[in-house]
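K.L.:
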Amino acid sequence: DSGKSIARSARELASRGASRIFALATHAVLSRGAIDRLGASDTEVIVVTNTLPMCIPKEHPLRKKLRIVSAAPVIAHHICSLEGMPIPESLGDPNMPKFPMHGPSVPEPEFDTRPSIMNETAMLAEFRNLELRNSMTTSEPDSIT
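At position 34 of the sequence shown the residue is numbered 103 (the working numbering), and the sequence of numbers has no breaks.
1. Count the other CB atoms, across all protein chains shown, that sit within 10 Å of the CB of residue 95; report buried if there are 16 or more and exposed otherwise.
2. Under 6 Å Cβ to Cβ from residue 76, same chain only, skipping five residues before and after it: list those, please.
3. Report the three-state DSSP secondary structure of residue 117 (helix, strand or coil).
4. How many angstroms separate the CA atom of residue 122 from the CA atom of residue 142?
5. Tell me where the beta strand (DSSP E) around residue 138 begins and ends.
6. Measuring CA to CA, which of 108, 80, 84 is closest to residue 126?
7. Where does the unbroken beta strand (DSSP E) through residue 145 begin, and where does it stop?
8. Going by C-alpha to C-alpha distance, which of 82, 130, 114, 84 sits closest to residue 92?
9. Between the C-alpha atoms of residue 101 and residue 131, what's the straight-line distance to the nearest angstrom?
10. Can you tell me whether DSSP reads residue 77 as helix, strand or coil?
11. What are the boundary residues of the alpha helix (DSSP H) that residue 103 is part of?
12. Could you tell me whether the Cβ atoms of residue 103 and residue 119 are closer together than 8 Å?
13. According to DSSP, which residues form a beta bridge with residue 93?
14. Can you tell me whether residue 83 is helix, strand or coil according to DSSP?
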């Protein structure tokens, strides 16, 4: 919740030559000092769920890195399953492929540095888009070992 592990890991990855660093966390607890620590970290993108409220100043560097994934589709899926109800199709095109726990897919988004709320499928699509753009600008693939 302090962001120390993410900041320390990002620093270590950068020192070993990683050119791009992504961090994922289930809940953004963001206790004392975490906002500044994560904002100053070597991470390019930090993905969290919307399970906790956050208060990040408008001009803070963390806002440019943060991606918020909605937990609603997973919760809705489980509620419907427990109650024997059909899974809702209201989150997107019903003809698009579905993943068992994450609802319908959404079209691949453009990369955006503003904080946003997206489902996991959209988040993965954004990572694929970033990888594709990176592969077009570099001759060797990035690797983190």
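Built from N, CA and C at the ideal position, the CB exists for glycine as well.
P.N.:
On the basis of the coordinates in this document:
1. exposed
2. 106, 110
3. strand
4. 18 Å
5. 135-138
6. 108
7. Looking at the DSSP string, residue 145 is not in any beta strand (DSSP E); the run it does join, the alpha helix (DSSP H), is 141-152.
8. 114
9. 14 Å
10. helix
11. For residue 103, the uninterrupted alpha helix (DSSP H) segment begins and ends at 103-108.
12. no
13. 116
14. helix
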